[in-house]
Every structure is written in C-alpha cells, then in structure tokens.
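Report on the structure given below.
Residue numbers (our numbering): 743 to 1075.
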C-alpha cells in the first residue's frame, strides 16, 4: 500500500466518524422529522467543509486563503458545538442507564410525620394516667398506664424503622446522583470545577481533537503530487545536460587509443528525437568554450575549474565540462 493511502484512510475514517456524530446531534436537536433532516444536512456540510477547506485553498493566493481561513474557523466552531451536543446527550443517556441499574428502595409503613403525631398522643395519654392518683389499689389505672407505655414503646420502634428506611432511600438517591455523573468528569469536581462545566469542556476537547486529526489527515492525503523522474532521465539542469552531451560527443570523436578518456561502453547514437532538445545546450557550451579559450590565450584567465566557474558564473559541473574541452587543444599537433 502506498504511503499516501494511510493518511487518506485515516482522513476518510475521521470524516465519516465526525459525520455520524453530526447526524446523531442533528437527530437529537430537532423536533419534527423535517427539522431533524435539515439539522443533519447542515451538520454534515459543516463537517465536510471544515475537513477539506485547508487542503482545497492551499494552492490559491493569500486572498482566497484568508477567506478560507475565516470560513474554516466558523465551520470548526459550529462542528465542535454540534459534537459537544452529542457528547453531552450521550453522557446523559449513559448516566440514566447507570442510575436505572441502582436497586430502588420502597418505603414500607407510615411516614415520620404521622408516627410523630401518634407518639405525641400516646405520650400525652401516658402522662395523664401517671398523674391520676388512686387511694385503693386501682387495677384499671394500672392497666391504662401499662397500655400507654406500651403504645409509646411501639411508636418508638416504628419511628426507628421509619428513620432507617429514610436513610436507605437517601443512600439510594445519592448513588443515583453519583451514577448520573460521568466517572471522569465527576473526578474533576475535586478541583473546583462543576460537573456540567467539566462535561462541556471534555466534550469540546474530544470534538476539537477529532476535527484536528481529520483536517491534518486530509492535508497529507491531498498534498500536491511529487515530481518524479524516470531512471533513464538525468537529474541535472538543462545547461548541465548540454555540457554532458558536449563531453560525450567530443569523447566519442577521439580515437579509443588516445589515452585521454576511456571508450564508452555500448555507446548509443543520438536519435533524431533527442537532437532538438540537446542542440541549444550544445551551442551554448561551445560558446562558453570559445570564450574561455580566448581568455586563456590572452592571459586573462587561468585554465582552472574555479577560475572558469567565476568567469562564466556557472555551476561547478559545467565549469569542469568546459575545462575538459580545453585539455585536447594544447596537445593537438
């Protein structure tokens, strides 16, 4: 798989994921079916624009890039807001499911207020019976006192049971409240951040990271194609190609036993299609050789590569090619 396919695959996956988030957020934010469809369409368009705008405006001028940057900032803000809506709704639904898993405690018996009223009446009756005096042994008075005391004791036991049931209900309510909050965002409340604010910040952070990954992956996937050359082409400048062509033709013109240059292996003749391409550099090379030879003959220039490069203002390889063209001239009879 080529290296460009990896960022393209990552970009497609990130864009599809962000589009699905926008679809879910639009479905949750709309009321009627038409409203949901329009919310979904707006969200998908903003997601695609936010991901592709940096790669599309990269090859244009600064004016187009400036307008694209403003549009990209708006698309990113709207997309992150939509993703945050999805994350908050998802956390709410997950909290509701966790809270529903907590076992409920149903209250049995009477409430604390009703028990307190009955106990007050029983204590009042016990106090009245204790205040009554009887000279002779009164069995009825003793029975009333015993019954009133038993009634108060029974109401005390019922009151303790009611308090225990209320404590169990309070614990269940606390567990449900803890289950409604996200475990991670709930831990952020220890730093003084409220739970709703922590959930909003985490949702925006997730949305921002997803959008950044998608934009960067599309930048890598849609980058301009690199200019490649085939193996048969020479990776030199046109002037250097002419210099090499001149050296090749001159070396082929010498006899093989001259000792100056080794004979070429499998020399390939210059075809008609290559002649127009090499004619201009060869003429330019011959003009450079003529100028350098005249300057050397007039003692204005030394026949070194450095001096020739300074004299012609060319590259090192071109100066070396011109220097090689000057070597046979003094030795010819």
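Where a beta carbon is used, it is the ideal one built from N, C-alpha and C, also for glycine. Everything numeric in this text was worked out from a predicted model, so none of it was measured.
* Asked: Any Cβ of chain B within less than 9 Å of the Cβ of residue 911?
  -> Any reference to chain B falls outside this structure, which holds one protein chain only.
* Asked: Around the C-beta of residue 996, are 16 or more other C-beta atoms found within 10 angstroms, so that it is buried, or is it exposed?
  -> Note on residue 996: pLDDT 43, under 50, position unreliable in the model; the coordinate value appears next. Per the 10 Å Cβ criterion, exposed.
* **Given residue 922 as reference, the closest of 861, 813, 838 once Cα atoms are compared** => 838
* To do: For residue 1032, I'd like the list of residues in its chain whose CB is within less than 8 Å of its CB, leaving aside the five on either flank, ordered along the chain.
  => none
* When burial is assigned at 16 or more other CB atoms within 10 Å of the CB, is residue 835 buried or exposed? -> Around the beta carbon of residue 835, a 10 Å sphere encloses fewer than 16 other beta carbons of the protein chains shown; the residue is thus reported as exposed.
* Within 8 Å: the Cβ of residue 797 and any heavy atom of the ligand MG? -> Only the bare structure without any ligand can be found here, which leaves the ligand MG out of the picture.
* Curious, which full-length alpha helix (DSSP H) runs of at least 4 residues does the region 860-929 contain? -> Listed in chain order, the alpha helix (DSSP H) runs fully inside the region 860-929 are 881-922, counting runs of at least 4 residues.
* 8 Å Cβ shell around residue 926 - same chain, five flanking residues per side excluded -> 944
* Apart from the five residues just before and just after residue 963, which ones in its own chain have a Cβ nearer than 7 Å to its Cβ? -> The residues are 746, 749, 750, 753.
* **Sub-9 Å separation of residue 822 and residue 791 beta-carbons** => no
* **Inside the region 778-818 only - beta strand (DSSP E) runs reaching at least 3 residues** => none
* For residue 1048, name the three-state secondary structure that DSSP assigns. => helix
* **Counted within 10 angstroms of its Cβ, other Cβ atoms place residue 828 as buried (16 or more) or exposed** => buried
* Asked: CB-CB under 7 Å to residue 956, same chain, minus the five flanking residues each way: which ones, in chain order?
  -> 753, 756, 757, 760, 793
* **Rounded straight-line distance, which links the Cα of residue 780 to that of residue 768** => 8 Å
* **Expected contact under 8 Å - CB spacing of residue 864 and residue 893 to nearest Å** => That belief holds up - the Cβ atoms of residue 864 and residue 893 are roughly 4 Å apart, short of 8 Å.
* **Cβ-based burial, residue 830 [other Cβ within 10 Å; buried from 16]** => By the beta-carbon neighbour count (other beta carbons within 10 angstroms, threshold 16), residue 830 is buried.
* Residue interval of the alpha helix (DSSP H) (run including residue 1069) -> Residue 1069 -> no alpha helix (DSSP H), and no H or E assigned at all.
* From residue 766 to residue 858, what does the alpha carbon distance come to, in whole angstroms? -> 53 Å
* To do: Could you tell me the boundaries of the alpha helix (DSSP H) in which residue 749 lies?
  => 747-771
* How would you write the range of the alpha helix (DSSP H) that residue 965 sits in, first residue to last? -> Element bounds for residue 965: n/a, residue is neither H nor E.
* Cβ pair residue 886, residue 871 closer than 9 Å -> yes
* To do: Could you name the residues of the same chain whose beta carbon sits closer than 7 Å to that of residue 950, not counting the 5 residues immediately before and after it, in chain order?
  => 822
* Asked: With burial defined as no fewer than 16 other Cβ atoms inside 10 Å of the residue's Cβ, what is the status of residue 809: buried or exposed?
  -> With fewer than 16 other Cβ atoms within 10 Å, it is exposed.
* Nearest-angstrom Cα distance between residue 901 and residue 883? -> 27 Å
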